[in-house]
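Residue numbers (our numbering): 26 to 165. Just so you know, even glycine gets a beta-carbon here, dropped at the ideal spot from N, CA and C. For reference, the structure discussed in these notes is given below.
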């Protein structure tokens, strides 16, 4: 009877050894996806705040508003998985938008890059996240 218990303990250890890498891969995927989603939500909030301020301030103040947000978030410690280079004009834009539905609006575009995180590429995360936020201009 002792021999059977000894073999069962070995079987449990073998099953654990086979399942552990799969569990760790799934768990790390969940963590990395969560951190990328936190980046998306954080920068969505930045884009919304910036669009609101630009909609109230008028198009003459876009440069000042843009510089204010660059100064506030330039340290790079605000992102977890993605990188934001707000000094690059193409990564942070504030523009006027005239469409059929929004006659007089402001549009903020923020682009986040995946950077050097190789694990994100392995998990199938997008190389860039683009956040666009439009807000109707307020009349004073």
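Beta carbon of residue 107, beta carbon of residue 137: below 8 Å? As a first step, residue 107 must be located in the chain shown, where it is residue number 82. As a first step, residue 137 must be located in the chain shown, where it is residue number 112. Cβ atoms of residue 107 and residue 137: closer than 8 Å.
Taking the beta strand (DSSP E) that residue 153 falls in, what are its first and last residues? Your numbering for residue 153 matches position 128 in the chain shown. 153-161 is the span of the beta strand (DSSP E), which, as asked, contains residue 153.
What is the DSSP secondary structure of residue 26, counted as helix, strand or coil? Start at 1 with the first residue of the chain shown, and residue 26 comes out as number 1. Only weak support is given to the placement of residue 26: the predicted model assigns it a pLDDT of 48, under 50, and the value that follows is read from those uncertain coordinates. Reduced to three states, the DSSP call for residue 26 is coil.
Taking all protein chains shown into account, do 16 or more other C-beta atoms lie within 10 angstroms of the C-beta of residue 46, making it buried, or fewer, making it exposed? For the purposes of this step, residue 46 is taken as the residue at position 21 of the chain shown. Residue environment for residue 46: exposed (fewer than 16 other C-beta atoms within 10 angstroms of its C-beta).
So, helix, strand or coil for residue 40, using DSSP? Indexing the chain shown from 1 puts residue 40 at position 15. Annotated three-state conformation of residue 40 is helix, per DSSP.
Would you check if there are 3 or more beta carbon pairs closer than 8 Å linking the region 150-161 to the region 90-100? Counting Cβ pairs under 8 Å, fewer than three are found: no touch.
When you compare the CB positions of residue 72 and residue 163, do they come within less than 8 Å of one another, or not? Position 47 of the chain shown, counted from the first residue, corresponds to residue 72. Position 138 of the chain shown, counted from the first residue, corresponds to residue 163. The answer is no: Cβ separation not under 8 Å.
What does the alpha-carbon distance come out to for the pair residue 26 and residue 40? Position 1 of the chain shown, counted from the first residue, corresponds to residue 26. Position 15 of the chain shown, counted from the first residue, corresponds to residue 40. Only weak support is given to the placement of residue 26: the predicted model assigns it a pLDDT of 48, under 50, and the question is left unresolved by the model.
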